[in-house]
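Number of protein chains: 2
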Amino acid sequence: MKHTSSLADSRLRDIGKRVTSQRRIVMDILASAEGHLDASEIYERARQANATLSLATVYRTLKALCENGVVRQLHLAGERHHYELDREDRHAHLVCSVCGRIWEVDSTSLSRAARAAGREFGFQVTAARMEVVGVCASCRNELGQEK
Amino acid sequence: MKHTSSLADSRLRDIGKRVTSQRRIVMDILASAEGHLDASEIYERARQANATLSLATVYRTLKALCENGVVRQLHLAGERHHYELDREDRHAHLVCSVCGRIWEVDSTSLSRAARAAGREFGFQVTAARMEVVGVCASCRNELGQEK
DNA sequence: GAGTTAGTTGCGAATGATTCGCATGTGCAT
DNA sequence: ATGCACATGCGAATCATTCGCAACTAACTC
Chain A
68 MKHTSSLADS RLRDIGKRVT SQRRIVMDIL ASAEGHLDAS EIYERARQAN
118 ATLSLATVYR TLKALCENGV VRQLHLAGER HHYELDREDR HAHLVCSVCG
168 RIWEVDSTSL SRAARAAGRE FGFQVTAARM EVVGVCASCR NELGQEK
Chain B
68 MKHTSSLADS RLRDIGKRVT SQRRIVMDIL ASAEGHLDAS EIYERARQAN
118 ATLSLATVYR TLKALCENGV VRQLHLAGER HHYELDREDR HAHLVCSVCG
168 RIWEVDSTSL SRAARAAGRE FGFQVTAARM EVVGVCASCR NELGQEK
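So the sequences go chain by chain: A and B. Heads up: the first sequence is residues 68 to 214, going by our numbering. Heads up: the second sequence is residues 68 to 214, going by our numbering.
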């Protein structure tokens with residue numbers, strides 16, 4: 068069971084971290100997830116690859132990756148943080164306040180707005196996130212039927 | 068020391084909540100703060116008006132106000148939630164990743180982007196927030212001097 | 001390839017924000 | 001004025017996240 072470890076390995080070396088199986092596992096999980104995951108989701112998946120990997124290691128790995136810009140920590144609605152690989156594309160999150168599902172949206176207008184807002188305030192923008200909360204189409208249908 | 072309680076009172080009655088001095092205090096604090104506050108900031112200010120008001124009451128009040136759309140809970144960077152009166156204007160937050168200060172920015176483009184993104188996904192948008200992270204002008208100056 | 005060592009891990013305990021349980025207190029409808 | 005459902009205060013409980021420390025191991029040196 069070989070990993071796509073060359074990617075993870077070089078990223079780790081780039082940021083001056085040792086390559087460990089635990090870190091590879093966490094990075095592979097983030098790389099193969101389409102969206103963002105929270106720490107316990109990452110932990111559960113990681114346990115499938117290594118039954119003794121600890122939650123603390125998940126947190127420590129995420130922290131190290133965040134500090135080095137490899138991973139981004141998201142502050143969406145809810146109690147827990149979410150994490151995603153920093154793919155350098157700026158996108159927005161659409162959060163349905165009924166079912167809680169989250170969509171990712173590429174947003175060129177977000178990027179533009181971010182830069183404009185930053186310039187106006189003498190801000191050197193390094194990241195931008197937009198969270199749009201509302202009711203998704205399917206929930207609106209269900210709500211409509213109830214009435 | 069009269070409060071501007073008529074506003075708070077009617078808001079509370081509107082959402083079917085009893086008017087208590089504790090709730091008035093919390094709402095007045097939110098109304099007079101220009102930006103957003105976290106729970107402990109609200110708690111500290113509230114204690115100045117009522118020394119026995121409890122932190123649990125602050126949280127319960129904020130929760131009730133959030134559930135009724137009077138207050139908005141923000142998920143900015145950092146561990147704690149922030150709260151602000153829902154003034155129905157859509158604005159963005161500029162977060163300096165060096166000093167941690169936060170600015171609010173009126174953003175008509177944000178509003179436009181949110182609506183557009185929502186429409187594209189059949190989303191009925193109820194709230195939009197944008198968080199722009201970067202380095203503020205004064206921190207950039209200081210960093211520049213160090214080099 | 002074995003030795004050394006600083007960086008990592010696992011575990012459980014600690015922390016910090018937020019919530020809950022319950023006995024007591026108090027708006028407000030009657 | 002009276003009753004009772006809703007609110008509050010307090011401390012205990014919960015949940016995510018972090019820390020302390022002893023055991024482990026990646027990676028540098030010979």
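In this text, a Cβ means the ideal position worked out from N, Cα and C, and glycines have one as well.
- Ile96 of chain B: beta carbon under 7 Å from a heavy atom of the ligand ZN? You won't find the ligand ZN in this model; it holds no ligand whatsoever.
- Task: Mind listing, in chain order, the continuous alpha helix (DSSP H) runs of no fewer than 4 residues lying wholly within the stretch 89–158 of chain B?
- Result: 106–116 and 122–134
- Interface partners of Leu143 of chain A on chain B, CB under 8 Å: His142
- Determine the contact status of Tyr110 of chain B and Leu129 of chain B, defining contact as a CB-CB distance below 8 Å. no
- State whether the stretch 102–121 of chain B contacts the stretch 99–107 of chain A, with contact taken as three or more CB pairs (one from each stretch) at a distance under 8 Å. no
- Item | Residue burial classification, Leu97 of chain A (beta-carbon count within 10 angstroms, cutoff 16) | buried
- Could you spell out where the alpha helix (DSSP H) holding Arg80 of chain B opens and where it closes? Ser72 to Asp81
- Message: Tell me the rounded alpha-carbon separation between Arg90 of chain B and Glu101 of chain A.
- Response: 43 Å
- Query: For the putative contact between Ile92 of chain A and Ala118 of chain A, defined by C-beta atoms under 8 Å, what is the C-beta separation to the nearest angstrom?
  - Reply: Going by Cβ atoms, the distance from Ile92 of chain A to Ala118 of chain A rounds to 11 Å, so no, they are not a contact pair.
- When you compare each of B:Gly145, B:Leu79 and B:Val138 to Glu151 of chain B by their alpha carbons, which one comes out closest? B:Val138
- Message: Beta-carbon within less than 7 Å of Val125 of chain A's beta-carbon, same chain only, minus the 5 sequence neighbours each way: which residues are those?
- Response: Val93, Ala106, Ile109, Tyr110 and Ala113
- Is Leu79 of chain A buried or exposed, if buried means 16 or more other CB atoms sit within 10 Å of its CB? buried
- Leu74 of chain B classed as buried or exposed, judged by whether at least 16 other C-beta atoms fall within 10 angstroms: exposed
- Task: Let me know the secondary structure DSSP gives Ser164 of chain A once reduced to three states.
- Result: Its pLDDT being 48, under 50, Ser164 of chain A is placed unreliably by the model, and nothing is read from it.
- Verify whether the separation of the beta carbon atoms of His149 of chain A and Leu143 of chain B is less than 8 Å. no
- Based on Cα-Cα distance, which residue from B:Leu132, B:Glu146 and B:Arg147 lies nearest to Ile82 of chain B? B:Leu132
- Which residues in the same chain as Ser88 of chain A place their Cβ atom closer than 7 Å to its Cβ, once the five residues preceding and following it in sequence are excluded? Asn117
- Item | Nearest-angstrom Cβ-Cβ length linking Val86 of chain A and Asp76 of chain A, presumed shorter than 8 Å | 5 Å
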